[in-house]
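Here the structure is laid out as structure tokens; the discussion comes afterwards.
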Amino acid sequence: TTNFSILASAKALPTTKVTNQELTQLMATSDDWIKQRTGIRSRHVATDETTTSLAVSVAQQLLQQSRLAATAIDLIIVATMSPDYLTPATAPQVQAAIGAEKAIAFDINVACAGFVYGMQLVHQYLQPGQTALLIGSETLSRLVDWHDRSTAVLFGDGAGGLLITAKPNTATGHWLGGHYATFGADGHYLTAGQQPQVNPWSTRTDGAGSNRWAFQMNGRRVYDFATKQVPHSIEQALMQARLESSDIKAFVLHQANARIVKSVGQKLNLATEQLPMNIAQYGNTAAASEPILFAEMVAQKQVQRGDKLVFTGFGGGLSVGSAVIEY
Ligand code: ACO
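Just so you know, UniProt numbering puts 13 at position 12 of the sequence shown, and the rest follows in order with no gaps.
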């Protein structure tokens, strides 16, 4: 086992909260449909906040909690599919805002699987004694067509993160195993943010309009992908860690749809207590969903030092990943 100590966890949510009822004024939907098909009741939407400001708030809380100086940070990774700029990326702006001069900083984009992919990168990068900030931050509201009921009801904005250190001699905090897989041939089932390809010589119009900017999703295909590949990924990761699902205190699953979480639980024969959920309040916050959920579990003392946990993300790419850790 390799050292992977989570010293702090934090979340940041925009102040504006939008209920299902409010969405009925923009599109033909209902509170009942959204609750029954997704488990979502409301979501936060960034008005004054940005992907960067939410990530900076998380970084500041992580430093405060761990009582570490910003100059002690070696690595900052922000997982996001909704950055404020293509360049500079989000993580360098976080580095500047907190004054983490020594840290190298970059973004990764694996859509809703971004956070668990970031966990694997942190695990592989950190040398003994080094420390990383891993943050998932999203303002998906900018990628949503707020009149398309097939996608608009699903997503929300927010950020969450972990401060992770590879101390040589800590008693708890270990990386136990992981499983990662990419299904690029199915990528067209979930798209967002196609960039306009406009230049003086271009004859293309497909990306220049606004319709390809917003989420387009074959919900049924993504649902089938998730309910098949997530249990498989978890089984593979547990096998690598030489653990049974009953050894795991909680499965911190990406919060895309309460029905997906329940289906995974049924397939793997998990107890309800092993499947924490907060999708009702936040909707799908992509790379931010697992760290927001985990920060709330820690704050509510639902997880103790020494507990074994599985983090699983899945979504655009299509991508899936699972990390098994001891907290
Ligand atoms: N309100 C009311 N009715 C709606 C709405 C809505 N918001 N959206 C769709 N409907 C209607 C449909 O038009 C359809 O009507 P019809 O039967 O008359 O044709 C009916 O409801 C059923 O629609 P389905 O799409 O079959 O509903 P389903 O039960 O499959 O639920 C959903 C749709 C919630 C999108 C589901 O498929 C799902 O959760 N898929 C996975 C999505 C997901 O996880 N995406 C995120 C991936 S993460 C990432 O990388 C961003």
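C-beta: ideal position from N, C-alpha, C; glycine also.
Please read all numbers here as calculations on a predicted model, not as lab measurements.
For residue i, which of the options has the nearest alpha-carbon?
i           : options                        : result
Asn279      : Leu24, Ile41, Asn4, Asp33      : Ile41
Ala227      : Gln301, Arg243, Ser264         : Ser264
Leu239      : Glu139, Arg44, Trp176          : Trp176
residue 333 : Trp34, Val199, Gln61, Tyr190   : Absent from the model: residue 333. The displayed extent of the chain is 2 to 328, so no value can be given.
Leu191      : Asn21, Gly316, Val46           : Gly316
Phe184      : Arg44, Arg222, Thr173          : Arg222
Arg306      : Ala289, Tyr328, Gly318         : Tyr328
Leu8        : Ala47, Gln65, Lys36            : Gln65
Val95       : Ala114, Ala71, Asn110, Leu87   : Ala71
Trp214      : Glu297, Thr17, Gly194, Lys229  : Gly194
Glu23       : Pro15, Gly318, Arg44           : Arg44
Thr20       : Lys36, Ser234, Gly161, Gln196  : Lys36
Leu144      : Ala106, Tyr224, Ala47          : Ala47
Asn275      : Gly284, Asp308, Ala300         : In the sequence as presented, Asn is not what sits at residue 275; that position holds Gln. Taking only the C-alpha atoms, the option nearest Gln275 is Asp308.
Lys250      : Trp202, Ile293, Val299, Gln237 : Val299
Ala114      : Ser138, Asp85, Phe107          : Ser138
Could you tell me whether any non-hydrogen atom of the ligand ACO is closer than 7 Å to the CB of residue i?
i      : result
Ser203 : no
Asn279 : no
Ile261 : yes
Leu155 : yes
Ser246 : no
Ile35  : yes
Ala80  : no
Leu191 : yes
Thr183 : no
Val223 : yes
Ala257 : yes
Determine which residues share a DSSP beta bridge with residue i and list them.
i      : result
Gly307 : Partner(s): none; Gly307 has no beta bridge.
So residue i and residue j are in contact, right, with Cβ under 8 Å, and what is the actual spacing, rounded?
i      : j      : result
Thr286 : Asp158 : 7 Å
Ile246 : Ala112 : A quick correction: the sequence has Ser, not Ile, at residue 246. Contact flag wrong, Cβ pair sits at about 26 Å.
Ile99  : Val57  : 7 Å
Ala296 : Ala11  : 5 Å
* Okay, do the stretch 112-132 and the stretch 150-159 touch, 3+ Cβ pairs below 8 Å being the bar? -> No, the stretch 112-132 does not touch the stretch 150-159.
* Three or more C-beta pairs closer than 8 Å, one from the stretch 123-139 and one from the stretch 159-174: is that the case here? -> Two segments are said to touch when three or more pairs of C-beta atoms, one from each, lie closer than 8 Å; by this definition the stretch 123-139 touches the stretch 159-174.
* Segment contact flag, the stretch 130-137 with the stretch 61-77, C-beta cutoff 8 Å, min 3 pairs -> The answer is yes - the stretch 61-77 touches the stretch 130-137, with three or more Cβ pairs under 8 Å.
* **the stretch 249-257 in contact with the stretch 280-291 per 3-pair CB rule at 8 Å** => Touching, yes, given that three or more Cβ pairs across the two stretches are closer than 8 Å.
* **At least 3 beta-carbon pairs within less than 8 Å: the stretch 43-55 vs the stretch 79-88** => Yes: at least three Cβ pairs fall under 8 Å.
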